[in-house]
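For what it's worth, this note's numbering labels the leading residue of the sequence shown as 88, then goes sequentially. All residues carry an ideal CB built from backbone N, CA and C; glycine is no exception. Worksheet: one structure, shown below.
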Amino acid sequence: MHVLFPKLHPKGYTVPELPEVETVVRVIRPRIEGLRIRSIRRLNGTASLFNGATEAQLNRLVKNQRIRAVTRRGKYIVLELERGVLLIHLRMTGRLLFRKGPDDPERHFTARIDFQNQASLWFRDMRKFGRITYCSDRENWEGRLGPEPLSDQFTLDWLRGELKRRHRKMKALLLDQSFLAGLGNIYVDEVLWAARIHPETLSHRVSQSKAAALHRAIRSILQASIDHQGTTIINFAFGEGKTGNFRSLLQVFGRTGKPCPRCGTAIKKVRVNQRGTHFCPVCQKR
Numbered sequence: 088m089h090v091l092f093p094k095l096h097p098k099g100y101t102v103p104e105l106p107e108v109e110t111v112v113r114v115i116r117p118r119i120e121g122l123r124i125r126s127i128r129r130l131n132g133t134a135s136l137f138n139g140a141t142e143a144q145l146n147r148l149v150k151n152q153r154i155r156a157v158t159r160r161g162k163y164i165v166l167e168l169e170r171g172v173l174l175i176h177l178r179m180t181g182r183l184l185f186r187k188g189p190d191d192p193e194r195h196f197t198a199r200i201d202f203q204n205q206a207s208l209w210f211r212d213m214r215k216f217g218r219i220t221y222c223s224d225r226e227n228w229e230g231r232l233g234p235e236p237l238s239d240q241f242t243l244d245w246l247r248g249e250l251k252r253r254h255r256k257m258k259a260l261l262l263d264q265s266f267l268a269g270l271g272n273i274y275v276d277e278v279l280w281a282a283r284i285h286p287e288t289l290s291h292r293v294s295q296s297k298a299a300a301l302h303r304a305i306r307s308i309l310q311a312s313i314d315h316q317g318t319t320i321i322n323f324a325f326g327e328g329k330t331g332n333f334r335s336l337l338q339v340f341g342r343t344g345k346p347c348p349r350c351g352t353a354i355k356k357v358r359v360n361q362r363g364t365h366f367c368p369v370c371q372k373r
């Protein structure tokens with residue numbers, strides 16, 4: 088079974104990115120790590136919820152398996168089992184809710200993982216774009232993703248080398264999950280502004296100093312957002328309806344027409360590779 092990367096999202100919604108997914112992982116990890124799966128059910132989800140598998144097929148693969156660890160890879164929540172992994176992608180409106188004992192499902196609950204201790208993990212997804220995928224071979228799906236931006240693998244030397252090797256617009260390159268895992272529209276706009284790089288600059292033309300600034304920005308902005316439990320624009324929520332607190336610290340994303348915090352010039356919004364893109368035309372010259 089292969090992993091599908093997320094499609095473009097409808098106007099107004101944002102796909103949870105690395106900080107938001109990390110926030111969810113930190114909430115559910117202490118609740119479900121070590122539990123044994125009794126069953127997994129599709130409730131009001133679409134036929135594509137299990138990414139090509141039927142409910143019966145998925146149950147044969149995961150039933151009675153213990154969740155050894157709950158981790159994150161890029162924008163994926165990873166439930167590491169005794170054999171294989173369950174990958175959960177929230178897409179736009181997905182939320183995971185932990186419940187002990189019976190609960191009455193409402194129409195936006197698309198799936199439920201029941202554990203042998205009578206607790207359950209509910210997948211709530213109003214737009215029903217979320218996916219739950221079983222993979223038997225970790226390398227098969229993990230090899231499709233670039234390095235983690237907060238890992239030791241993401242070094243300045245690596246970034247400089249990869250930028251020089253490629254000839255792509257910076258906005259498109261940073262959104263490519265096979266290049267670097269976890270960045271989406273919000274944080275790509277933010278890190279490019281912080282590094283003073285125009286979103287349409289070709290990667291091989293980024294100077295050594297700006298590559299260093301970009302490396303610092305990626306690590307510091309993602310970590311700051313994690314510390315603030317992510318960004319809620321419209322739809323991101325975790326736990327019992329909690330929202331992220333990083334929105335007030337955004338410098339350009341969603342601030343079209345407002346003054347640049349650095350120079351006062353009005354923030355512009357353009358489309359780069361079909362994605363709405365915010366930048367400062369003075370601070371981020373081509």
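- Residue environment analysis places histidine 291 among the exposed positions, since fewer than 16 neighbouring C-beta atoms fall within 10 angstroms of its C-beta.
- By the Cβ rule, the stretch 198–214 counts as touching the stretch 113–124, because three or more pairs are nearer than 8 Å.
- According to DSSP, residue pairing for glutamate 109 in a beta bridge does not occur.
- Remark: C-beta atoms of lysine 162 and valine 102 approach each other more closely than 9 Å.
- Ranked by how close their Cα comes to the Cα of leucine 168, the residues Asp224, Lys372, Arg306, Ser296 have Asp224 in first place.
- In this structure, DSSP gives histidine 176 an extended state, which the three-state scheme calls strand.
- Here the C-alpha atom of histidine 176 lies approximately 34 Å from the C-alpha atom of proline 348.
- The C-alpha of arginine 218 is placed about 10 Å away from the C-alpha of threonine 197.
- Glycine 271 carries a coil assignment under DSSP once its states are collapsed to helix, strand and coil.
- Using a 10 angstroms sphere on the CB of cysteine 367, the tally of other CB atoms reaches 16 or more, which defines it as buried.
- Counted as a single uninterrupted DSSP element, the alpha helix (DSSP H) harbouring alanine 300 occupies residues 295–314.
- Here lysine 258 is buried, its C-beta having at least 16 other C-beta atoms within 10 Å.
- Excluding five sequence positions before and after alanine 304, the CB atoms of its chain that fall closer than 6 Å to its own CB belong to Val278, Ala281, Ala282, given in chain order.
- Within the same chain, Lys215 come within 6 Å of threonine 133 by CB-CB distance, once the 5 residues on both sides are set aside.
- Beyond the five residues adjoining it in sequence on each side, glutamate 104 comes within less than 7 Å, by CB distance, of Lys162, Gly269, Leu270, Gly271, Ile273, Tyr274 in the same chain, given in chain order.
- Judged by DSSP in its simplified three-state form, proline 117 adopts helix.
- One Cα belongs to proline 346, the other to alanine 353, and the distance between them is close to 4 Å.
- The beta carbon of leucine 136 is closer than 8 Å to those of Arg129, Thr197, Ala198, Lys215, Gly217, Arg218, Ile219 in its chain, skipping five residues each way along the sequence.
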